[in-house]
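The structure under discussion appears below in the form of structure tokens.
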Amino acid sequence: MNDDAPYPPDRTDDELARLDITVLLRYGLTAEPGPRRTALFGDGVAAAAVVLDRLGTEPRSVAFLADTVRAGGLARAAELPEPLPRREAAVLVREWLRAGTELVGGIAADDTAATWLRAVATIVELKQLTRVRGRST
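If you use numbering that gives the first Met the number 0, the sequence shown corresponds to residues 0 to 136, in order.
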């Protein structure tokens with residue numbers, strides 16, 4: 000084993016975009032603190048942010064969805080006709096929300112999902128701000 004290798008390993012945006020976020024949600028939302036939860040809030044947040052950013056999603060839309068999940072739960076949010084403004088993003092996020100509703104996690108899973116979505120919104124916003132700053136220098 001190479002002790003100089005970064006941990007977790009660096010992943011490119013393309014590698015992150017290929018991760019199965021639905022699976023990460025299924026195994027991470029109700030998991031106790033540990034590897035599954037770490038994967039969800041590490042690579043899972045980064046992957047979701049990459050995908051949603053590429054679809055032109057505004058971070059405030061994701062943050063609003065997080066607030067909706069916290070207030071009404073995953074099941075209610077999964078029933079929204081348009082959980083995010085753009086069709087492709089809405090279809091994708093609805094799949095993620097439905098993955099969470101399949102779990103028997105109750106309010107704890109709803110809160111974890113809301114926290115996860117808020118983290119995704121933060122990363123999307125950071126990606127956008129970094130691009131804007133890169134263009135202005």
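Backbone N, C-alpha and C define an ideal beta-carbon position, used for all residues, glycine too.
**Request:** Could you spell out the range, first to last residue, of the alpha helix (DSSP H) harbouring Glu94?
**Result:** Arg86 to Thr100
**Request:** Note down, in chain order, each residue of its chain lying with its Cβ closer than 7 Å to the Cβ of Glu124, except the 5 sequence neighbours on either side.
**Result:** Pro58
**Request:** Quick one: residues in its chain with C-beta nearer than 7 Å to the C-beta of Gly72, no 5 flanking neighbours on either side, listed in chain order?
**Result:** Asp109
**Request:** Indicate whether the contact test is met: 3 or more Cβ pairs, each with one atom in the region 40-55 and one in the region 104-122, closer than 8 Å.
**Result:** yes
**Request:** Going by CA-CA distance only, name the one from Pro84, Arg85 and Leu64 that's closest to Arg75.
**Result:** Leu64
**Asked** Can you list, in chain order, the residues of its chain whose CB lies under 8 Å from that of Ile20, leaving out five sequence neighbours each side?
**Response** Gly43, Ala46, Ala47, Val50 and Trp95
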